[in-house]
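Residue numbers (the working numbering), protein chains in the order written: chain S, 2 to 309; chain L, 2 to 309. Note sheet for the following structure.
Shown next as structure tokens:
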């Protein structure tokens, strides 16, 4: 039976065939770019910047972004050290928007879990000076929301060169710190992840603190909450959080070793090109363009052998 | 505890307060636009163009798009009349991409369910002449992929005026007909819905046939398949389809009455503006822009009384 899917599978198989099987005129597929990547195209996650959100279904791995939200990331490290999140819950899943977790009793002063040594308020970290940004790889096709967009430190970013400001973009899988009306009211004790089309209107209005690099399905496939904005209406509908740990606080044998593709390399440029112009037989009209949140940032388990 | 969410809820409450409570300088919120809408801003779903996908968890309502894929919509009507989909299954859920349903045995000629009077192949309906398009409301902020984008017939569309062509855009909730490598190999017996960030690279490469207007959560929150491209690896992992029916084939008492907002009205223009520039206190930097797939197309149950 006709299946776009089956064709994509065929394309994948073709991509695994020897390069000689490709006609020279075709740009490489993403799989060919990945297969040709060098060890230096990847970097291991830093245990100090890696958060494990362990749910009953599995582990979610989040790479934190201290270059963009240093104070919030510091607060989140403190909360994880102190096991603040253990036993709390996923409180909200709004279809096509966000999944959110934290203390269901946060608004009840008598029952709210203490924040320990963490700061109650954190000055807004909605954007940063461009001068302090990691190396920036600009995407060629523009953006509806910002003067320019691209990648820095393996994260999707938007920039306004005239204003000298840069900020993380609300793409699928990006993690942010919920806040109240006051800009400094987000402190990292309540986090959300984007599970639908990129809600870019949130950019520069709330601080993103990292990106899910593994286990996104455990956050995106949860039952949607039936209350306003996707909040669960009954406590038993919530998913319990087993623990949230900084990887550095976890014994090495219990860590999840992962590497993320660097975005400041010719290999990443080739990967973007492979997605701008799909070269397999299934595509009849290659887009010739790509938007920021459609570019995958590859993640892999480290190869078994050096250089593998 | 700080919660972006809580603030948005506050904004909602404010929006329900008398208009006098708003300062005159603020543009209306989306809720205010909806509250001020007239009966003529809405249209009832046409039972001939409405498909009910009944799953164990609930009903998914799909509005078909005969203006863009007349032959495929015709084939889907035939398949629904003949109860082709009943007892088939959701076969694939790929995180951040698509959920797909059809005949798990489609590739096995001995076991595949017969297509009855439906056509085995359907000429490609990937784009259409602009001259035949319903009234088009252009979005003001441009698009990464197409010369212009906007809405026609309550659907997100992209256009190339020079080429005289228009096509439906792969936004969240859009439904398409899977196909094989041959452009005419899609026949509507295998359908998919977008469950992540808009995969616009599919535009003009595969035919979209409609949009989910109710029950999206029953398709987006399913467990992800662990096989290649999100296919389920074991039959028992699939979700069974109870039935797929054209609303016109269902007794009126069993229908789900819904109205969709028209997109060729000043009210819809005001709604777009309310999303381009959020006016509630939570937003510090209104985006001032919006991308095609971030514009909601409101759906409601018909008001109890005329004009209500």
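Glycine included, C-beta positions come from ideal geometry on N, C-alpha and C.
Query, Result
"Quick one, which residues of the segment 211-244 of chain L are near chain S if we go by CB-CB under 8 Å, in chain order?", "217, 218, 221, 222, 223, 224, 225, 229, 230, 232"
"Does any C-beta atom of chain S lie closer than 7 Å to the C-beta of residue 22 (chain L)?", "Low confidence applies here, because residue 22 (chain L) scores a pLDDT of 46, under 50, leaving its location unreliable; read the following figure in that light. Not closer than 7 Å to any Cβ of chain S, the Cβ of residue 22 (chain L) fails to qualify, so no."
"If you run the structure through DSSP and keep just helix, strand and coil, what is residue 157 (chain L)?", "strand"
"With distances taken Cα to Cα, identify the nearest neighbour of residue 93 (chain S) among S:193, S:246, S:275.", "S:193"
"Within 7 Å of any Cβ in chain S, is that where the Cβ of residue 205 (chain L) sits?", "yes"
"Considering Cα atoms alone, identify which of L:294, L:290, L:297 is closest to residue 145 (chain S).", "L:290"
"So what does DSSP say about residue 250 (chain S), is it helix, strand or coil?", "helix"
"In angstroms, rounded to a whole number, what distance separates the CA positions of residue 113 (chain L) and residue 243 (chain L)?", "18 Å"
"For residue 262 (chain S), write down the residues that DSSP places opposite it in a beta bridge.", "S:43"
"Mapping DSSP to helix, strand and coil, what is residue 300 (chain S)?", "strand"
"What are the partner residues of residue 177 (chain S), as DSSP defines its beta bridges?", "S:193, S:209"
"Going by the DSSP bridge assignment, what does residue 53 (chain L) pair with across the sheet?", "L:62, L:246"
"Given that residue 283 (chain L) touches chain S, what residues does it touch there, using C-beta distances under 8 Å?", "182, 206"
"Could you tell me which of L:256, L:56, L:70 sits nearest to residue 302 (chain L), measuring between CA atoms?", "L:256"
"Along the segment 131-152 of chain L, what residues have a CB closer than 8 Å to any CB found in chain S?", "142, 143, 144, 145, 146"
"Could you work out which residues of chain S lie near residue 286 (chain L), taking near to mean beta carbons separated by less than 7 Å?", "205, 206"
"Starting from the Cα of residue 86 (chain S), find the closest Cα among S:95, S:116, S:66 and give me that residue.", "S:116"
"I need the straight-line Cα distance from residue 84 (chain L) to residue 102 (chain L), nearest angstrom please.", "14 Å"
"Mapping the DSSP letters down to three states, classify residue 149 (chain L) as helix, strand or coil.", "strand"
"Would DSSP call residue 162 (chain L) helix, strand or coil?", "coil"
"Using C-beta distances below 7 Å, list every residue in its chain close to residue 90 (chain L), excluding the 5 sequence neighbours before and after it, in chain order.", "102, 105, 239, 240, 241, 242"
"Does the beta-carbon of residue 248 (chain S) have 16 or more other beta-carbons within 10 angstroms, so that it is buried, or is it exposed?", "buried"
"DSSP has residue 94 (chain L) in a bridge; who is on the other side?", "L:100"
"When the Cα atoms are used, what is the spatial distance from residue 206 (chain S) to residue 278 (chain L)?", "13 Å"
"So with CB distances below 8 Å, who are the chain L contacts of residue 290 (chain S)?", "145, 146"
"Can you give the Cα-Cα distance for residue 37 (chain S) and residue 272 (chain S), rounded to whole angstroms?", "11 Å"
"Per DSSP, residue 169 (chain S) forms a beta bridge with which residues?", "S:158"
"Can you give me the Cβ contacts of residue 135 (chain L) inside the same chain, cut-off strictly under 7 Å, excluding the 5 residues immediately before and after it?", "68, 153, 154"
"Note down, in chain order, each residue of its chain lying with its Cβ closer than 6 Å to the Cβ of residue 34 (chain S), except the 5 sequence neighbours on either side.", "271, 272, 275"
"Grab the span of the alpha helix (DSSP H) containing residue 138 (chain S) for me, first residue to last.", "From DSSP, residue 138 (chain S) is part of no alpha helix (DSSP H) but of the beta strand (DSSP E) over 137-139."
"Going by Cα to Cα distance, which pick from L:126, L:203, L:299 is closest to residue 166 (chain L)?", "L:126"
"Suppose the cutoff is 6 Å on Cβ atoms and the five residues either side in sequence are ignored; what does the same chain contact list for residue 95 (chain L) look like?", "230, 231"
"Short of 7 Å in beta carbon distance, which residues of its chain neighbour residue 151 (chain S), apart from the five on each side in sequence? Order them along the chain.", "137, 138, 139, 140, 158"
"Is the Cβ of residue 198 (chain S) closer than 7 Å to any Cβ of chain L?", "yes"
"List the residues of chain S that residue 49 (chain L) touches, going by C-beta distances under 9 Å, in chain order.", "Correct list: empty, because the minimum Cβ distance to chain S is about 24 Å."
"Would you say residue 59 (chain L) faces chain S, with C-beta separation under 7 Å as the test?", "no"
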